[in-house]
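Undergrad:
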Amino acid sequence: MEQQLEQLKQEALQKIETAASVKELNDVRVAYLGKKGPITDLLKGMGKLPAEERPKMGALVNVVRETVTTSLEEKMELLEQQAVNEKLEKETIDISLPGRPVKLGNHHPLTRVVEEIEDFFISMGYEVAEGPEVEQDYYNFEALNLPKGHPARDMQDSFYITEDVLLRTHTSPVQARTMAAKKGEPIKIICPGKVYRRDSDDATHSHQFTQIEGLVVGEDIRMSDLKGTLALFAKKMFGEEREIRLRPSFFPFTEPSVEMDISCFKCGGSGCNVCKKTGWIEILGAGMVHPNVLEMAGYDPSIFTGFAFGMGPERIAMLKYGVEDIRHFFTNDMRFLSQFNRTEV
Ligand code: FA5
1 MEQQLEQLKQ EALQKIETAA SVKELNDVRV AYLGKKGPIT DLLKGMGKLP AEERPKMGAL
61 VNVVRETVTT SLEEKMELLE QQAVNEKLEK ETIDISLPGR PVKLGNHHPL TRVVEEIEDF
121 FISMGYEVAE GPEVEQDYYN FEALNLPKGH PARDMQDSFY ITEDVLLRTH TSPVQARTMA
181 AKKGEPIKII CPGKVYRRDS DDATHSHQFT QIEGLVVGED IRMSDLKGTL ALFAKKMFGE
241 EREIRLRPSF FPFTEPSVEM DISCFKCGGS GCNVCKKTGW IEILGAGMVH PNVLEMAGYD
301 PSIFTGFAFG MGPERIAMLK YGVEDIRHFF TNDMRFLSQF NRTEV
């Protein structure tokens, strides 16, 4: 029996030695130490031995079982370590590989122009005000001296939602709202935002576009303040040498009303394709706030005066960057948009 035990031990150690995987090793464990394995069988058969031999044989079987168990555990540790090493080897990350380039976005050219205009007016002490795009007829027209049925409403073809609610046709309703909210206090604001008109889309018109409104209300605000502000603005946006001229115009909410032109930044005034050979380019509408508008908003026109202006940043961006079709701003063609990278402005 001693011999049989020694042979079993040698066999088991041999198989442990040659086991090449965790699975193979487990098979060896089950084969030798499992419930139906030979070592268990031997232990079970101890009862048949003469009583004086049992302690000696029991001790021997236990030594063999412990030797095999220890050897199994050691080999298991080794195989597991090998498996981890192999996995690490396979999954090595080559940190020297260059990364995939990330496409960097730019600000939309229109956003840049709007921000540039905002920065100028903020530097002059203006605050930025906002108002709703879905607007009441009252603020879009009536509070701006355009009662229902006024023929000048036709100047801005509108998208009506109900009889009294529409998509705002200009940013001027923010003037009316701000004046109503400030209740007689001085005002100095600009209002950028989207506006909507039933205009047919073409190279210079869009049914949705951006406007920036300006409004200054206080005591002793004059036309010369408007002119000085706009002259500075023109120089900031289009270059120090720019001249401006004011032409008489008509807006129901300003009196007098003007259109502002700047001297052509391409030809300097001699005439070219940008200024259509006139030497001047139309930039915005403006005027002194109509006394009716002040009064409707609760300002006493005998004390308060004000000026207002409104411009279309798309048209300004077109001039500034030589864009010949306004629709380029809305079609999101990357070939167009990627031309405006950060360093260009
Ligand atoms: C107005 O909307 C007045 N509210 C501006 C104003 C404010 C005048 C305060 C006096 C005092 P007008 O309709 O001209 O004005 O539009 C202003 C600017 O919006 C135009 O100069 C033009 O640059 C731009 N614009 C007008 N219609 C379109 C359009 N369909 N597509 C793109 N830009 C447009």
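Read left to right, the sequence shown gives residues 1 to 345 (full-length UniProt numbering).
For every residue, glycine included, the Cβ atom is placed at its ideal position computed from N, Cα and C.
Since this is a predicted model, take the numbers as computed values, not measurements.
1) Any chance the CB of D325 is under 6 Å from a heavy atom of the ligand MG?
2) Heavy atom of the ligand FA5 less than 6 Å from the Cβ of G285, yes or no?
3) Helix, strand or coil: how does DSSP classify V134 here?
4) Taking 7 Å as the cut-off, decide whether the C-beta atoms of I221 and M311 are in contact.
5) Who are T204's beta bridge partners in DSSP?
6) How far does the alpha helix (DSSP H) with A129 in it extend, from its first residue to its last?
7) Please check the pair G269 and G279, which I expect to be a contact at CB under 8 Å, by giving their CB distance rounded to whole angstroms.
8) If you follow the beta strand (DSSP E) that S257 is in, where does it begin and where does it stop?
9) Three-state secondary structure (DSSP) at R112?
10) Between the alpha carbons of K44 and I93, how many angstroms are there, rounded?
11) Cα separation between E243 and L230?
12) Given a threshold of 16 other Cβ atoms within 10 Å of its Cβ, counted over all protein chains shown, does Y160 qualify as buried or as exposed?
13) For E185, which option in Q156, P132, V217 has the closest C-alpha, if you only look at C-alpha atoms?
14) Quick check: does the Cβ of A308 come within less than 6 Å of any heavy atom belonging to the ligand FA5?
15) State the Cα-Cα distance for the pair L319 and S96, rounded to the nearest angstrom.
16) Is the beta carbon of E133 less than 7 Å from the beta carbon of K183?
17) When you compare only the Cα positions, how much space is there between A143 and P256?
18) How about K188 and G125: do their beta carbons lie closer than 7 Å?
TA: Once the coordinates are examined:
1) Inclusion of the ligand MG in the displayed structure is not the case, the ligand content consisting of the ligand FA5 alone.
2) yes
3) strand
4) no
5) T204 is not bridged to any residue.
6) No alpha helix (DSSP H) holds A129; DSSP gives it neither H nor E.
7) 4 Å
8) 254 to 263
9) helix
10) 54 Å
11) 10 Å
12) exposed
13) V217
14) yes
15) 47 Å
16) no
17) 18 Å
18) yes
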